[in-house]
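S.K.: Below you'll find the structure I mean.
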Amino acid sequence: NAGVMQNPRHLVRRRGQEARLRCSPMKGHSHVYWYRQLPEEGLKFMVYLQKENIIDESGMPKERFSAEFPKEGPSILRIQQVVRGDSAAYFCASSPGPTVGQYFGPGTRLTVT
Amino acid sequence: AQSVTQLGSHVSVSEGALVLLRCNYSSSVPPYLFWYVQYPNQGLQLLLKYTTGATLVKGINGFEAEFKKSETSFHLTKPSAHMSDAAEYFCAVSDDNQGGKLIFGQGTELSVKP
Numbered sequence: 005n006a007g008v009m010q011n012p013r014h015l016v017r018r019r020g021q022e023a024r025l026r027c028s029p030m031k032g033h034s035h036v037y038w039y040r041q042l043p044e045e046g047l048k049f050m051v052y053l054q055k056e057n058i059i060d061e062s063g064m065p066k067e068r069f070s071a072e073f074p075k076e077g078p079s080i081l082r083i084q085q086v087v088r089g090d091s092a093a094y095f096c097a098s099s100p101g102p103t104v105g106q107y108f109g110p111g112t113r114l115t116v117t
Numbered sequence: 006a007q008s009v010t011q012l013g014s015h016v017s018v019s020e021g022a023l024v025l026l027r028c029n030y031s032s033s034v035p036p037y038l039f040w041y042v043q044y045p046n047q048g049l050q051l052l053l054k055y056t057t058g059a060t061l062v063k064g065i066n067g068f069e070a071e072f073k074k075s076e077t078s079f080h081l082t083k084p085s086a087h088m089s090d091a092a093e094y095f096c097a098v099s100d101d102n103q104g105g106k107l108i109f110g111q112g113t114e115l116s117v118k119p
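Take a look at the structure:
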């Protein structure tokens, strides 16, 4: 069974560009979570989605960040007009249910120059 | 609000020695508790979880953790450390009201000396 897939693994963007991060959950998992790992800040929850629905986006910055999980295809985390402070590792996790534990992808390491 | 505190950002043990990584949580409702391990430049791997039932939970790679409600703790242990255990370990909490959202501790980096 393939695990959670994320691509790209590394992404370099200049300030002001857009970043698109993709996540394909494990087969049979309909719950997707995005987390951000900043140096010295640990892992922070960003958003929780099920197919075509955003369930909890309490951890998303109010501006420039958006997420979707369409009926077909991967979940996308989109960051518009990136700034240096967006440089971080972004992890996607999936789960078959909300309280049974999450399985993490390898992460996308975003560097903003 | 839920929170997790991991005591000690860095723990160093000798190979073959006991590993003890401490985790205390705060939750107003029965918690679900997890330990994850992260190797450099990789994602997180689930080590073990407590949801309900037996309070002593066994996980992969010889790790186990005990849920102690009275102490609000969920410490991770392994009787004998191996060099391959060197990694960062994260304790996390969730509950039925959070939709599965994980709240993580700051992490503990485990070093294993030969």
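For the record, the sequence lines run as chains A and B.
Using the working numbering, you'd call the opening residue of the first sequence number 5 and step up by one each time.
Using the working numbering, you'd call the opening residue of the second sequence number 6 and step up by one each time.
Ideal placement from N, C-alpha and C gives every residue a C-beta, glycine not left out.
Just so it is clear, the structure is predicted and the values come from calculations on it, not from any experiment.
Three or more C-beta pairs under 8 angstroms: does that hold for the segment 96-112 of chain B against the segment 47-63 of chain A?
M.R.: Yes, since at least three Cβ pairs between the segment 96-112 of chain B and the segment 47-63 of chain A fall closer than 8 angstroms, the two stretches touch.
S.K.: Should residue 91 (chain A) be flagged as near chain B, meaning a C-beta pair shorter than 8 angstroms?
M.R.: Output row for residue 91 (chain A): interface = no.
S.K.: Should residue 29 (chain A) be flagged as near chain B, meaning a C-beta pair shorter than 8 angstroms?
M.R.: Judged by the 8 angstroms Cβ criterion, residue 29 (chain A) is not in contact with chain B.
S.K.: Check the Cβ of residue 94 (chain B) against every Cβ in chain A and list those closer than 8 angstroms, keeping chain order.
M.R.: By Cβ distance, chain A contributes nothing, its closest Cβ being about 12 angstroms from residue 94 (chain B), past 8 angstroms.
S.K.: In or out: residue 83 (chain B) buried (at least 16 other Cβ within 10 Å) or exposed?
M.R.: Under this definition residue 83 (chain B) is a buried residue.
S.K.: Output the distance between the C-alpha atoms of residue 110 (chain A) and residue 39 (chain B), rounded to the nearest integer angstrom.
M.R.: If I take the Cα positions, the gap works out to 18 angstroms.
S.K.: Check for me: the beta strand (DSSP E) holding residue 115 (chain A) runs from which residue to which?
M.R.: Counting along the chain, the beta strand (DSSP E) containing residue 115 (chain A) begins and ends at 112-116.
S.K.: For residue 79 (chain B), which of B:67, B:54, B:92 and B:86 has the nearest alpha-carbon?
M.R.: For the residues B:67, B:54, B:92 and B:86, the minimum Cα distance to residue 79 (chain B) belongs to B:54.
S.K.: Could you check where the beta strand (DSSP E) with residue 69 (chain A) kicks off and where it finishes?
M.R.: Counting along the chain, the beta strand (DSSP E) containing residue 69 (chain A) begins and ends at 69-72.
S.K.: Near residue 16 (chain A), what residues of its chain come up, given a Cβ to Cβ distance below 7 angstroms and the 5 sequence neighbours on each side ignored?
M.R.: So the qualifying residues of the chain are 115 and 117.
S.K.: How big is the Cα-Cα spacing for residue 3 (chain A) and residue 96 (chain B)?
M.R.: This structure cannot settle anything about residue 3 (chain A), because the visible part of chain A is limited to 5 through 117.
S.K.: Using the Cα positions of residue 22 (chain A) and residue 82 (chain A), report the straight-line distance between them to the nearest angstrom.
M.R.: Looking at the two C-alpha atoms, the distance is approximately 7 angstroms.
S.K.: Return the residue from the list B:33, B:26, B:25 and B:16 that minimises the CA-CA distance to residue 99 (chain B).
M.R.: Measuring from the Cα of residue 99 (chain B), the nearest candidate turns out to be B:33.
S.K.: Compare the C-alpha of residue 8 (chain B) against each of B:86, B:77 and B:85 and name the closest.
M.R.: Of the listed residues, the one whose Cα sits closest to residue 8 (chain B) is B:77.
S.K.: In chain order, what residues of the segment 44-77 of chain A put their CB closer than 7 angstroms to some CB of chain B?
M.R.: Per Cβ criterion, the list reads 46, 47, 49, 52, 59 and 60.
S.K.: Who are residue 49 (chain A)'s beta bridge partners in DSSP?
M.R.: Per DSSP, A:39.
S.K.: If residue 106 (chain B) sits next to residue 37 (chain A), beta carbons under 8 angstroms apart, how far is it from one beta carbon to the other, in whole angstroms?
M.R.: 7 angstroms between Cβ atoms; contact.
S.K.: If we count Cβ pairs, one from each stretch, closer than 8 angstroms, do we get three or more for the segment 26-34 of chain A versus the segment 90-108 of chain A?
M.R.: In short, these stretches touch, since the Cβ pair count reaches three.
S.K.: Of all the alpha helix (DSSP H) runs that stay within the bounds of the segment 52-92 of chain B, which reach a length of 4 or more residues?
M.R.: Those alpha helix (DSSP H) runs which fall completely within the segment 52-92 of chain B and span 4+ residues do not exist here.
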